[in-house]
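Residue numbers (this note's numbering), protein chains in the order written: chain A, -10 to 253; chain B, -10 to 253; chain C, -10 to 253.
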Amino acid sequence: MPVISISSDFGLQDGNTGVMKGVIYGICPDAKIVDMTHLIGPQDVRQIAYVLARQVFYFPENSVHIVVVDPGVGTARRPIAVRAGTQLFVGPDNGFLTLIYERAEKEGWPLQIVHTNRKEYWLPQVSDIFHGRDIFSPVGAYLAAGVSLGDMGEVVTDPVRLDLPRPQRDGASVRGEIVRVDHFGNMISNIPMEMLSDIDCARVDLKGKKLDRIWRTFGEQPVGTLMALPCSTGYLMVSVNQGSASLEITGERGDTIVVSDCNN
Amino acid sequence: MPVISISSDFGLQDGNTGVMKGVIYGICPDAKIVDMTHLIGPQDVRQIAYVLARQVFYFPENSVHIVVVDPGVGTARRPIAVRAGTQLFVGPDNGFLTLIYERAEKEGWPLQIVHTNRKEYWLPQVSDIFHGRDIFSPVGAYLAAGVSLGDMGEVVTDPVRLDLPRPQRDGASVRGEIVRVDHFGNMISNIPMEMLSDIDCARVDLKGKKLDRIWRTFGEQPVGTLMALPCSTGYLMVSVNQGSASLEITGERGDTIVVSDCNN
Amino acid sequence: MPVISISSDFGLQDGNTGVMKGVIYGICPDAKIVDMTHLIGPQDVRQIAYVLARQVFYFPENSVHIVVVDPGVGTARRPIAVRAGTQLFVGPDNGFLTLIYERAEKEGWPLQIVHTNRKEYWLPQVSDIFHGRDIFSPVGAYLAAGVSLGDMGEVVTDPVRLDLPRPQRDGASVRGEIVRVDHFGNMISNIPMEMLSDIDCARVDLKGKKLDRIWRTFGEQPVGTLMALPCSTGYLMVSVNQGSASLEITGERGDTIVVSDCNN
Chain A
-10 MPVISISSDF GLQDGNTGVM KGVIYGICPD AKIVDMTHLI GPQDVRQIAY VLARQVFYFP
50 ENSVHIVVVD PGVGTARRPI AVRAGTQLFV GPDNGFLTLI YERAEKEGWP LQIVHTNRKE
110 YWLPQVSDIF HGRDIFSPVG AYLAAGVSLG DMGEVVTDPV RLDLPRPQRD GASVRGEIVR
170 VDHFGNMISN IPMEMLSDID CARVDLKGKK LDRIWRTFGE QPVGTLMALP CSTGYLMVSV
230 NQGSASLEIT GERGDTIVVS DCNN
Chain B
-10 MPVISISSDF GLQDGNTGVM KGVIYGICPD AKIVDMTHLI GPQDVRQIAY VLARQVFYFP
50 ENSVHIVVVD PGVGTARRPI AVRAGTQLFV GPDNGFLTLI YERAEKEGWP LQIVHTNRKE
110 YWLPQVSDIF HGRDIFSPVG AYLAAGVSLG DMGEVVTDPV RLDLPRPQRD GASVRGEIVR
170 VDHFGNMISN IPMEMLSDID CARVDLKGKK LDRIWRTFGE QPVGTLMALP CSTGYLMVSV
230 NQGSASLEIT GERGDTIVVS DCNN
Chain C
-10 MPVISISSDF GLQDGNTGVM KGVIYGICPD AKIVDMTHLI GPQDVRQIAY VLARQVFYFP
50 ENSVHIVVVD PGVGTARRPI AVRAGTQLFV GPDNGFLTLI YERAEKEGWP LQIVHTNRKE
110 YWLPQVSDIF HGRDIFSPVG AYLAAGVSLG DMGEVVTDPV RLDLPRPQRD GASVRGEIVR
170 VDHFGNMISN IPMEMLSDID CARVDLKGKK LDRIWRTFGE QPVGTLMALP CSTGYLMVSV
230 NQGSASLEIT GERGDTIVVS DCNN
C-alpha cells in the first residue's frame, strides 16, 4: 500500500491534480494518494521547500512525494528522483529539496539523487509544459510500485540548491527571518528553538513589536494577544491567539525577527 | 476498508491535512481517507458542528470522523473519542458534537464518550499546538484499525455542549435563525421541515423579504428568484435559483427567519 | 480497484463532496476516489465540459467520472450514465459531455448513453436538490462495482448537447475563442494546433496584442513575456512566462483570438 503525496502550484480549479492521479492509478493501482498542497504560489519553489521539510518525515517509510512547482518546465532543467532517509521524492531539479538534502546530510541519512531520464518510465507522449502529468506522475508511480531508484536514470552529484536565508548569532542575540506565513496568519521563522536554548529570558522583536517571552501554546494568553511560541516542528513563530499575526502587524515573508536575552 | 474523514479549519495551503494523512496511513494502511472540509472558519466550532451533523450519517458503519477545530489546543481541554450510532468521532472536547449527541439521544442510539488519554495511541512526541497530527490522527487511525473505543481512555459523562440557537414556536409561527450560509449562498436555517407540518400556507420572512410559499426545488422558479425551500437534509432554507441569496439580500449567519401561516 | 473521479461546482467548505465519498464507499469499498475539481463556477456546465474533455482520457480503463454541475436538479432533466471509449460518466443530461460525445464519434469509440432511472441504484431516499449524493454517487459506485451500464436504465438517443463556439477558417486565418482561463491565467482557446499546421509563419491576435510566433514552452522567453504556445492537450493558448496573461491583458473567456499567416 504505497503512499504518494502530490504538491503543486496548480490550484484546484483545472483538474490538473486529478489527471495526475489518473495517471498514477493506471501504473500503481494500490497507491494511496495524498494531496499535500496545491496552493503554493505560482512558481514559488522556496515555499514548497519549507512546506515539504515540515511535513514529509511523518509519512510511512518509502512514501513517494511528487512535487510540481516547475518554472523551468520544458527547458534543460533535469527531472530528478531522490531518496532522503525513509522518503522518496520526484520533481524538477530546481532546489525544492534543499532543506531535505541538508537534513539528510546533517543526520547521516542515505541520500541518493538520480536524473530520471529513462523514457520507459514516462508517459509515451510528453508535452512541453505539463511534466507533472507526463513525467513526474509516472516516475513517482513506478517508484511506488517498486522500481528501484537506481533504475530510473543517472546519478546526480550537483543538484540545484536554493540560497535560503539562515539565522545568525549576533552576540547574545539570534537574528532570523520570517520564511512562511500560514493559513492562520502565524508568522514562522527560520530560527530553530534549539538555537535559543542558552537564552534564559527571551525578548522577541518583529516589525517593531517587542514580545517579552516565548510561550508554549496559544491558550496561555487571552484571545487576541500577539505572542511568540514554537511552531509544531520546532521553529520560533509569532501568532495571535485566535487571530492573525500577519494581519495584526502587517507582517510578511522576509521580515526580520530578532531574539535577544533580556539579561544582556 | 475503514473510512476516515478529516474536518478542520486548516485551509489547504500548508500541508497540515497532508501530514495527518501520512500519520494515519502509517498506522492504518488500509484506510480510505475523505476530506470533509478544511475551510471551516478559524476556531469556528459551531460551524463544523452543523456541517458534521448534516453529512456523517451517510457514511458506512464504523467510519471515523476526525475533527480538528481546536482553539484550546495544548490547554486542559480533553481529547475525546465518541461512538454515536454507527459512526465514530475523534477531536477536542469543545462541543463540536453537540448536535450529534442530541440526535443519538433522540434516536436512542448508542452514545459512548471517552477521554483519549492513553498515550500509547498518540505519536511518541506530542507538540503543544498540533494535536491534529500528534493525537487525533493516530487515535482515529487506531480506531479505524480496530482498537476498541473503551481501550482508548476513561469514560466521559460531562462532554462540553455548545449553546446553539433553537427554533421557537410563537403561536402559529415558527421563529428560527440562519445557522449556515453555504458555498452557493443558500441561507440554511435551524428550522426542521417537520416543525412546519401543520402550516397550510407558509409565509417566510427573512431580512424584510416576504416569500409566499415553500417550493420543492430551485427550477420551479425562474432564474434569479429568491425562494424558500427545504435543504437536502430537511431544514428550511432561502435561496436564489442559480444565484446567491446571501448576496442578494446581504444575509448572514444569525439572521432571524420567521415562518407564519397566511391563514392566521 | 476501480477509480472514480468527482467534479462539481460545490466548492470545498460544506462537506458536500465528503458526503458523496461516504455514499460511494458504502457501495464500492474498493473505490479509489479522485477529486477532479469542485471549483467549477456555480451552474457553469460549459466549463466542466472543457475540463473533463482535457483530463479524463488519461485515466485507467473503466474509470467512472461523476459530474455534479446541475442547475436543473429536481426538475425533468434526466440523470444519465455514459460509456465513451474507455471511460464511464454519470451526471445530469445537460450537455456536460458534449465534447466527449464528439470525440467518441470522431474516433469511432463505443458510445452508450442510458437514462439511469432504476431506483434500486439510487439511495432509498432522494432529495429534490442534492442528486449528487442521492443518485449520481450511488449510480457511479454501482458502475464502479461492476453493474453494467445497460442494467442502469433505458437507452438515450437524444442527449442534450451544448452549443459550443467553434474555430473557423477565414481565408488563410483561423478565428477562435478563449474558452478557458486557468489558475495561472493562461488563456486557452478552442483552436487545435493541427488546424494551424499549414501556417508557416503564425501571427496571433488577441485583445489588440499581436504575437509574432508560436513557442514551445514558457522558458523560451524571458519572465514576464506575453507569448502564444500550445497547451498540454494541444490547443493554442496565450500565456505570460511566470505571470498571468489574463491579468496582463485583462482577457477573459469569450475573447476572440485570430491566427493568421504573416506571409499573407
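Built from N, CA and C at the ideal position, the CB exists for glycine as well.
The model shown is predicted, which means the values in this text are computed figures rather than measured ones.
Partner residues on chain B for residue i, Cβ-Cβ distance less than 7 Å
| i | result |
| --- | --- |
| C:THR64 | THR206 and GLY208 |
| C:PHE(-1) | HIS172 |
| A:LYS21 | TYR14 |
For residue j and residue i, the rounded distance between their alpha carbons
| i | j | result |
| --- | --- | --- |
| C:VAL71 | C:PHE119 | 20 Å |
| B:MET25 | A:ILE167 | 31 Å |
| B:VAL103 | B:ALA73 | 12 Å |
| B:THR222 | B:PHE46 | 11 Å |
| B:LEU28 | C:ASP3 | 8 Å |
| C:GLY11 | C:SER116 | 17 Å |
| A:GLY7 | A:ASN106 | 24 Å |
| C:TYR110 | C:PHE125 | 9 Å |
| C:ILE203 | C:VAL247 | 13 Å |
| C:VAL173 | C:GLY63 | The sequence as given places Phe at residue 173 of chain C; Val does not occur at that position. Whole-angstrom Cα-Cα distance: 36 Å. |
| B:VAL149 | B:GLY30 | 20 Å |
| C:ARG92 | C:SER178 | 17 Å |
| A:PHE207 | A:ASP171 | 15 Å |
| B:VAL286 | B:VAL136 | Residue 286 of chain B is absent from the structure shown; chain B starts at -10 and stops at 253. |
| A:THR75 | A:GLU50 | 5 Å |
| A:TYR14 | A:VAL79 | 16 Å |
| A:PRO99 | A:ILE55 | 19 Å |
| B:GLN44 | A:PRO154 | 45 Å |
| B:ARG164 | B:ASP189 | 16 Å |
| C:GLU183 | C:GLN157 | 13 Å |
Reduced DSSP secondary structure (H/G/I, E/B, other) of residue i
| i | result |
| --- | --- |
| B:ASN5 | helix |
| C:ALA217 | strand |
| C:VAL145 | coil |
| B:THR87 | helix |
| A:VAL212 | coil |
| A:ALA70 | strand |
| B:SER233 | coil |
| B:HIS54 | strand |
| A:PHE48 | coil |
| B:GLN76 | strand |
| C:SER126 | helix |
| B:GLU96 | helix |
| A:VAL40 | helix |
| C:LYS21 | strand |
| A:ASP201 | coil |
| A:ASP266 | Here chain A has residues from -10 to 253 only, and residue 266 of chain A is not among them. |
| B:GLY63 | coil |
| B:ARG35 | helix |
| A:VAL248 | strand |
| A:LEU132 | helix |
| C:ASP140 | helix |
Contacts that residue i makes with chain A (C-beta to C-beta distance below 7 Å)
| i | result |
| --- | --- |
| B:VAL8 | GLN44 and TYR47 |
| B:LEU195 | Within chain A, no residue comes near B:LEU195; the closest Cβ sits about 30 Å away, beyond 7 Å. |
| B:ASP3 | THR26, VAL40, ASP171 and HIS172 |
Contacts that residue i makes with chain C (C-beta to C-beta distance below 7 Å)
| i | result |
| --- | --- |
| A:VAL12 | TYR47 |
9 Å Cβ cut-off: residues of chain A touching residue i
| i | result |
| --- | --- |
| C:ASP82 | Result: empty, since nearest Cβ-Cβ is about 21 Å, beyond 9 Å. |
| B:PRO60 | PHE207, GLY208, VAL212, ASN230 and GLN231 |
Closer than 9 Å at the beta carbon, the chain B residues around residue i
| i | result |
| --- | --- |
| A:VAL(-8) | LYS10, GLY11, TYR14, GLY15 and PRO18 |
Near the ligand HEM: residue i beta-carbon under 8 Å from a heavy atom
| i | result |
| --- | --- |
| A:THR214 | Here there are no bound small molecules, and the ligand HEM is not part of this structure. |
Taking 8 Å as the cut-off, does the region 86 to 100 of chain B touch the region 28 to 41 of chain B (at least 3 CB pairs, one atom from each stretch)?
yes
Does the count of Cβ pairs from the region 188 to 202 of chain B and the region 135 to 146 of chain B closer than 8 Å reach three?
no
Along the region 23 to 53 of chain B, where does the CB come closer than 7 Å to a CB of chain A? Name the residues.
PRO31 and GLN32
Under 8 Å (Cβ pairs) to chain C, residues found in the region 92 to 124 of chain B:
none
Could you tell me whether the region 206 to 216 of chain B touches the region 227 to 237 of chain B, where touching means 3 or more Cβ pairs closer than 8 Å?
yes
Listed from N- to C-terminal order along the chain, which residues in the region 159 to 184 of chain C have their beta-carbon within a distance smaller than 7 Å of any beta-carbon of chain A?
ASP171, HIS172 and PHE173
At a CB distance below 7 Å, what residues from the region 231 to 253 of chain C approach chain A? Give them in sequence order.
Listed in chain order, the positions of the region 231 to 253 of chain C with a beta carbon within less than 7 Å of a beta carbon of chain A are GLN231.
Along the region 211 to 225 of chain C, what residues have a CB closer than 9 Å to any CB found in chain A?
VAL212, LEU218, PRO219, CYS220, SER221, THR222 and GLY223
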